[in-house]
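K.L.:
Residue numbers (the working numbering): -5 to 173.
Following this line, the structure appears as structure tokens:
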């Protein structure tokens, strides 16, 4: 009986140790880790400043949430000071800012900052909130990564180069016929 409290603490420690934790996201690893354009899991991502007192108050709640959530939901954090490009990409103007990502959609999180409510939100409440008012959607498309923007720019350049070469050929052919 005297070992019961120790056993309970050990079980709690093991359950929290095996759960998810907050994943530190940076400009270098964000797209590789999250796969937001082709998601395999949902994400709660908080943008923050390291010295923000509101984030410091929220962080333990996010850690507890991460430890209790299923593997299909991840918690990430982005330090906006260290990754200003991500802050700009997601149009973050103040910190902390939370987003919930689900199947290629970005939902700005405006709910209670409690473990219970965030868990309920992630388990499907966000869909109920969205369906409650069909005239106003609460989600946005995920902003493309810098790599996706570069790929699109290269494709556009190839397309426009192809169009220009055709028009040059047409002009050249018409000039030949006039001579």
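Ideal Cβ placement from N, Cα and C applies to all residues, glycine included.
Once you ignore the five residues that flank residue 169 on each side, which residues in its own chain have a CB closer than 6 Å to its CB?
P.N.:
Low per-residue confidence applies at residue 169: pLDDT is 45, beneath 50, and the placement is therefore not dependable enough to give any value.
K.L.:
Does DSSP classify residue 76 as helix, strand or coil?
P.N.:
The answer is coil: DSSP assigns residue 76 none of H, G, I, E or B.
K.L.:
Which residue comes first and which comes last in the alpha helix (DSSP H) that contains residue 24?
P.N.:
Note, residue 24: alpha helix (DSSP H), 24 to 28.
K.L.:
Can the beta-carbon of residue 99 be found closer than 9 Å to that of residue 134?
P.N.:
Contact flag set, yes.
K.L.:
Whose C-beta lies closer than 6 Å to the C-beta of residue 96 among residues of the same chain, with five residues either side of it excluded?
P.N.:
For residue 96, where only same-chain residues beyond five positions count, the Cβ hits under 6 Å are 36.
K.L.:
Could you tell me which uninterrupted alpha helix (DSSP H) segments, each at least 4 residues in length, are contained entirely in the segment 66 to 117, listed from first to last along the chain?
P.N.:
With a minimum length of 4 residues, the continuous alpha helix (DSSP H) runs that stay inside the segment 66 to 117 are 78 to 83, 109 to 114.
K.L.:
Measuring CB to CB, does residue 72 end up less than 9 Å from residue 38?
P.N.:
Taking 9 Å as the Cβ cut-off, residue 72 and residue 38 do not qualify as a contacting pair.
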